[in-house]
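K.L.:
Read top to bottom, the protein sequences are chains Y and U. The first sequence lines up with residues 1 to 557 when you count with our numbering. The second sequence lines up with residues 1001 to 1557 when you count with our numbering.
Number of protein chains: 2
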Amino acid sequence: MAALPLSPQALDRLAAELLVVRCSGHPADGQRRYPRWELDNASLQRLLQRGVGGVILLGGSAAELRLRTRQLEAWAGAPLLLCADVEEGVGQRFEGASWLVPPLALARIHGEDPALAVDLARRYGACTGREARQLGLNWVLAPVCDVNNNPANPVINVRAWGEDPATAGALAAAFCRGAQAEGVLTCAKHFPGHGDTASDSHLELPLIPHNRERLEAVELPPFRDAIAAGVAAVMTAHLLLPAFDPDHPATLSRAVLTGLLRQELGFEGLVVTDALVMEAIAGRYGPSEAAVLALEAGADLVLMPGDADGAIDAIVTAVASGRLGLERLQASQRRRRRALEVCPADDGGSAPAPLGGLSNGPAPADRALALELVRRSLVSRGRGPVPGGPGVNLIRLDNSLACPFLPAGAPALALPAAAGLRTCLMDGQGPSPWSGDGEAPLALERLGEGPVLLQLFVRGNPFRGRADGPDPWPAVIRQLQAAGRLAGLAVYGSPYAWEALAALLDPQVPAAWSPGQMALAQGELLGRLGFGPQESATPDDEASTAASAATAVDFTD
Amino acid sequence: MAALPLSPQALDRLAAELLVVRCSGHPADGQRRYPRWELDNASLQRLLQRGVGGVILLGGSAAELRLRTRQLEAWAGAPLLLCADVEEGVGQRFEGASWLVPPLALARIHGEDPALAVDLARRYGACTGREARQLGLNWVLAPVCDVNNNPANPVINVRAWGEDPATAGALAAAFCRGAQAEGVLTCAKHFPGHGDTASDSHLELPLIPHNRERLEAVELPPFRDAIAAGVAAVMTAHLLLPAFDPDHPATLSRAVLTGLLRQELGFEGLVVTDALVMEAIAGRYGPSEAAVLALEAGADLVLMPGDADGAIDAIVTAVASGRLGLERLQASQRRRRRALEVCPADDGGSAPAPLGGLSNGPAPADRALALELVRRSLVSRGRGPVPGGPGVNLIRLDNSLACPFLPAGAPALALPAAAGLRTCLMDGQGPSPWSGDGEAPLALERLGEGPVLLQLFVRGNPFRGRADGPDPWPAVIRQLQAAGRLAGLAVYGSPYAWEALAALLDPQVPAAWSPGQMALAQGELLGRLGFGPQESATPDDEASTAASAATAVDFTD
Chain Y
1 MAALPLSPQA LDRLAAELLV VRCSGHPADG QRRYPRWELD NASLQRLLQR
51 GVGGVILLGG SAAELRLRTR QLEAWAGAPL LLCADVEEGV GQRFEGASWL
101 VPPLALARIH GEDPALAVDL ARRYGACTGR EARQLGLNWV LAPVCDVNNN
151 PANPVINVRA WGEDPATAGA LAAAFCRGAQ AEGVLTCAKH FPGHGDTASD
201 SHLELPLIPH NRERLEAVEL PPFRDAIAAG VAAVMTAHLL LPAFDPDHPA
251 TLSRAVLTGL LRQELGFEGL VVTDALVMEA IAGRYGPSEA AVLALEAGAD
301 LVLMPGDADG AIDAIVTAVA SGRLGLERLQ ASQRRRRRAL EVCPADDGGS
351 APAPLGGLSN GPAPADRALA LELVRRSLVS RGRGPVPGGP GVNLIRLDNS
401 LACPFLPAGA PALALPAAAG LRTCLMDGQG PSPWSGDGEA PLALERLGEG
451 PVLLQLFVRG NPFRGRADGP DPWPAVIRQL QAAGRLAGLA VYGSPYAWEA
501 LAALLDPQVP AAWSPGQMAL AQGELLGRLG FGPQESATPD DEASTAASAA
551 TAVDFTD
Chain U
1001 MAALPLSPQA LDRLAAELLV VRCSGHPADG QRRYPRWELD NASLQRLLQR
1051 GVGGVILLGG SAAELRLRTR QLEAWAGAPL LLCADVEEGV GQRFEGASWL
1101 VPPLALARIH GEDPALAVDL ARRYGACTGR EARQLGLNWV LAPVCDVNNN
1151 PANPVINVRA WGEDPATAGA LAAAFCRGAQ AEGVLTCAKH FPGHGDTASD
1201 SHLELPLIPH NRERLEAVEL PPFRDAIAAG VAAVMTAHLL LPAFDPDHPA
1251 TLSRAVLTGL LRQELGFEGL VVTDALVMEA IAGRYGPSEA AVLALEAGAD
1301 LVLMPGDADG AIDAIVTAVA SGRLGLERLQ ASQRRRRRAL EVCPADDGGS
1351 APAPLGGLSN GPAPADRALA LELVRRSLVS RGRGPVPGGP GVNLIRLDNS
1401 LACPFLPAGA PALALPAAAG LRTCLMDGQG PSPWSGDGEA PLALERLGEG
1451 PVLLQLFVRG NPFRGRADGP DPWPAVIRQL QAAGRLAGLA VYGSPYAWEA
1501 LAALLDPQVP AAWSPGQMAL AQGELLGRLG FGPQESATPD DEASTAASAA
1551 TAVDFTD
């Protein structure tokens, strides 16, 4: 074993500095939603003191995140990379900040007015960057630079900024410029392009069969554009690309990370892996070995190793044995420190109001942006009549127990309730709504009498709902229309689901699509269909009464 | 109009000081769950500057509450009464603090070991008081002093400390002592006793037909005990008691508030109304007139007037016209100020960690108390075999969209999932699970194959679920047993539901009841039935895998 130019302690800290571990944005251990993935506070504190250099946060409210980022900085005693997957505004993950429509909405606007879309993408980035900073984050893990040219993609879909390379590149680059101007780092992902996969790398390792020319034509341009815009980091994809490396997925491939990204694309910023705990990697290599392989391949930072201590030990051992060059790690350390100099984490200092500009939610300009994005991306046809009297508000969603877009009083619940429609939730976790008849799949007698407003909350692969089967919704549309009971259709999320279903609608059925699923989108969409107005300043309007009717027990004890 | 000894400005502030308005514990207007009842920040700030003297908070997490109470104090610029309905620990309302089993659990313990139950009630109060203070509250709106001698009571039920006056009084008094020793005010409610009602004063005005002797025998003793223990406040009930006052409900009755409570019971502390927006009052008097009537009757503080400005104006007008004596208001003002001297609100000062002792959730001693309460109140019979392979985890709950006790990974979901049971939620908001056959009410073919673990989350009137009909559960038990499919029964909440159903069980069916509904109670209860162990430090155990299986998309993007 060769003598090392670093003390064992210094080497240990160097290895630790290159890890990004995950914790909950909720402050208490007992509040963690995914304790398998989220470190407890004692482990977190210990790892930060061992020198771990970054933390990715998920879950909690804006107020909790603000508190949490300060706490992490205090524990570390050194500058940290504090990041989150806030691809659709900080409010997508942390309630109380701006929640914006998914990026693919802007791609559609770009088709009609490229300059407007680019400006909206820049403002989208600025809003996200500004709010991230206000809550103590210095690194936004966005934009997605994958080209969503495969509507069946289960994991990218509406998260992409385009269905073609030019649109995706122009908008992703504008997002980066907008965000970085606010003093946060950004991250182009998932290199070299996760758009054309029909399987999910959270669960298995997808294969991209394309050759070099095709990659140059479709997958790489948005990354080149983001790099030209100065994106601070690039995240690797857990994908196998035999044209470049028949043995290793991109995350662990020297050919992809060092050969393609560093040398050919000339990227000088931070290269970070996608989460190593994802099954595509963890299931094949084990997370500690994967950490060493990723650094060998040219990554600078290792995201969510399954066992951070094990990863540090494995890196130290790999250096000590000569397998991993020390200069390889030191180059990554220099890149990390350079990034932190540009965007130091903020400890909140002596700010009197802990939430700063977010004390009462998003700033007026950001609210206006969120509304403008909803309105410009909303597509509707027809209007009313809104059903009066008994009927059904049939809502398809993924999981009613974890549904941030449907809190008490959400417009998708309250506005139809005010019109007399009974809520009926279908999330695959209730009694079956299916008749077994493929031509008339809904067992209508289980839903109730009267007209049916059908509201589908679908993202990603539009028909991959738990108990939905292969794709019941076209047949449901036909069934409800044949029965004269389809009062309206609302689709929130996937444009592909919308297009498939809208094509089946009778001309008189009012229908609308919003790429966004949040309350703002619900209110605007249902307003277009004739429902509403939503709860206003007048405390006695109907919507308000209906929204509160089911919650009497909550107004006091 | 007589000349007043106060300037108009001073009278206006005096009237305002006697109001307690409601706001959300969430910081941003857009996060309010009940905007009809919760003031927006601009109105709140304006009213506090007008002199409003108290705020009741509901919703949000511990971190948000801490932030919010500081903000309110800053807006008011004067000491405030900051209160919440934290009857079952602060964590009942604000996630991240202790969530304890409902008080009625201790009444059952009291039957076997009175000294132990009294000590637990004192520790229950101490935990609640300490955590309330740490988050900036200075007034705990507990204990409920109603005697729950009517199992059909829709609104008190498990919130009571006893089913008989002696138990309720001993435990409520111990709670008061424990809480007030931590420096918070408490509040005995709902005077003169809401236990023997079968209707809900949130919705209509219940009538208590009892005479004086009966009230002395049953309803009043717990209030006398709480007063003897030094309870700082008493909250009035929206009940009609013709034996005392044929015209006005207790909240507005001079005979009840001044005659009975002040003069006969000798109570010198704060008298606060229950929420004036509740239908029993608001529907009859209008909230502004009700505020004047309540003060006339002898109340010191008016809780949740529907229109705070209107209430202030009405009070000022009543004083100016001579209808309401100024000295009446000034006496209330003196009582309020005396209470604040004893328990000043805390602005958090220069505390470095905003959550103080709650930075990582409840303190170890409070965690131990929560666990001890769950364990001592848990009732079980039989154990396993836990079903292996496919089966159904049938969960009855009130509202899956607003269900703080069933977050992702909650034991009631994760432990049965690890045993192969598919979750099936019944909350009256899904496709109907009912067959229409009263003898065999469940349409079993809609639930799936295999053994059924039945988990009922029921509080209050046990069978008042939205779509449950009159009471389907006894028939469901018989039906599942006849089909040989009842693998186990878990009841969380109502002892009355438990007792009614347990009596029907075949001896070999494992079953258990916990008065608590929180995760801690679920894990302990299911452990008794043979499920588990719950997620542990080992990241690879089965429960953990199952808990995360449905959430792959959440472990990273």
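Idealized CB from N, CA, C, for every residue including glycine. In this text the structure is predicted, and so the values were computed from the model without any measurement.
So, with DSSP's three-state summary, where would you put residue 1157(U)?
P.N.:
helix
K.L.:
Does any CB atom of chain Y fall closer than 8 Å to the CB of residue 1157(U)?
P.N.:
no
K.L.:
Which term fits residue 1401(U), buried or exposed, when burial requires 16 or more other beta carbons within 10 angstroms of its beta carbon?
P.N.:
The residue is buried, with at least 16 neighbouring Cβ atoms inside 10 Å.
K.L.:
Is there a C-beta anywhere in chain U that falls below 8 Å from the one on residue 534(Y)?
P.N.:
Caution applies to residue 534(Y), whose pLDDT of 44 falls short of 50 and renders its modelled position unreliable; the model cannot decide the point.
K.L.:
Determine, using beta carbons only, whether residue 1291(U) and residue 1302(U) come nearer to each other than 8 Å.
P.N.:
yes
K.L.:
Give the range of the beta strand (DSSP E) segment to which residue 381(Y) is assigned.
P.N.:
379-381
K.L.:
Can you name the start and end residues of the beta strand (DSSP E) that residue 1455(U) belongs to?
P.N.:
Counting along the chain, the beta strand (DSSP E) containing residue 1455(U) begins and ends at 1452-1458.
K.L.:
Could you check if residue 1335(U) is buried or exposed, using at least 16 other CB atoms within 10 Å of its CB as the buried criterion?
P.N.:
In this structure residue 1335(U) is buried. Its beta-carbon is surrounded by 16 or more other beta-carbon atoms within 10 angstroms.
K.L.:
Report whether the distance from the Cβ of residue 324(Y) to the nearest heavy atom of the ligand FAD is below 7 Å.
P.N.:
For the ligand FAD, the structure offers nothing, since it holds no ligand at all.
K.L.:
Closest to residue 148(Y) by C-alpha separation, out of 142(Y), 158(Y), 17(Y), 139(Y), would be which residue?
P.N.:
The option with the nearest alpha carbon to residue 148(Y) is 158(Y).
K.L.:
Should residue 1485(U) be flagged as near chain Y, meaning a C-beta pair shorter than 8 Å?
P.N.:
no
K.L.:
Is residue 1463(U) helix, strand or coil by DSSP?
P.N.:
Low confidence applies here, because residue 1463(U) scores a pLDDT of 42, under 50, leaving its location unreliable; read the following figure in that light. Three-state DSSP puts residue 1463(U) in coil, outside helix and strand.
K.L.:
Check whether the Cβ of residue 429(Y) lies closer than 8 Å to any Cβ atom in chain U.
P.N.:
At least one chain U Cβ lies under 8 Å of residue 429(Y).
K.L.:
Chain Y partners of residue 1228(U), CB-CB under 9 Å?
P.N.:
Per Cβ cutoff of 9 Å: no residues; residue 1228(U) is ~24 Å from chain Y at best.
K.L.:
What three-state label does DSSP hand residue 1361(U) in the structure shown?
P.N.:
strand
K.L.:
Which whole-angstrom value is the C-beta distance of residue 126(Y) and residue 145(Y), which I expect to be below 8 Å?
P.N.:
Not really, about 19 Å apart at Cβ, beyond 8 Å.
K.L.:
Can you list the residues of chain U that residue 219(Y) reaches, using a CB-CB cut of under 8 Å?
P.N.:
By Cβ distance, chain U contributes nothing, its closest Cβ being about 18 Å from residue 219(Y), past 8 Å.
K.L.:
Curious, which full-length alpha helix (DSSP H) runs of at least 4 residues does the region 102-182 of chain Y contain?
P.N.:
104-112, 114-134, 165-180
K.L.:
In three-state DSSP terms, what is residue 1494(U)?
P.N.:
coil
K.L.:
With burial defined as no fewer than 16 other Cβ atoms inside 10 Å of the residue's Cβ, what is the status of residue 547(Y): buried or exposed?
P.N.:
Its pLDDT being 35, under 50, residue 547(Y) is placed unreliably in this model, and the coordinates cannot settle the point.
K.L.:
Kindly confirm or deny that the region 224-239 of chain Y and the region 43-53 of chain Y touch, where touching means at least three C-beta pairs closer than 8 Å.
P.N.:
No: fewer than three Cβ pairs fall under 8 Å.
K.L.:
With DSSP collapsed to three states, give me the class of residue 1208(U).
P.N.:
coil
K.L.:
Less than 7 Å between C-beta atoms, sequence neighbours within five positions excluded: which residues of the same chain meet that for residue 1308(U)?
P.N.:
1019, 1021, 1047, 1052
K.L.:
Examine chain Y for any beta-carbon lying closer than 8 Å to the beta-carbon of residue 1403(U), and answer yes or no.
P.N.:
Interface annotation, residue 1403(U): in contact with chain Y, CB-CB separation under 8 Å.
K.L.:
For the beta strand (DSSP E) that residue 422(Y) lies in, which residues bound it at each end?
P.N.:
421-426
K.L.:
Per DSSP, what are the beta-bridge partners of residue 236(Y) in this structure?
P.N.:
Looking at the DSSP assignment, residue 236(Y) forms a beta bridge with 191(Y).
K.L.:
Could you tell me the alpha carbon to alpha carbon distance between residue 1368(U) and residue 27(Y), rounded to whole angstroms?
P.N.:
19 Å
K.L.:
Does the beta-carbon distance from residue 1223(U) to residue 1270(U) come in below 8 Å?
P.N.:
no
K.L.:
Beta-carbon separation of residue 15(Y) and residue 281(Y) under 8 Å?
P.N.:
no
K.L.:
Helix, strand or coil for residue 292(Y) per DSSP?
P.N.:
helix
K.L.:
Determine the DSSP secondary structure at residue 1024(U), reduced to helix, strand or coil.
P.N.:
strand
K.L.:
DSSP beta-bridge partners for residue 322(Y)?
P.N.:
Its beta-bridge partners do not exist; DSSP assigns none.
K.L.:
Can you look up residue 10(Y) in the DSSP assignment and give me helix, strand or coil?
P.N.:
helix
K.L.:
Taking the beta carbon of residue 1389(U) as the centre, do at least 16 other beta carbons fall within 10 Å, making it buried, or is it exposed?
P.N.:
Exposed.
K.L.:
List, in order along the chain, the chain Y residues whose C-beta lies closer than 8 Å to that of residue 1116(U)?
P.N.:
Neighbours of residue 1116(U) on chain Y: none; closest Cβ ~26 Å, over 8 Å.
K.L.:
Against chain Y, with Cβ distances strictly below 8 Å, would residue 1288(U) count as a contact?
P.N.:
no
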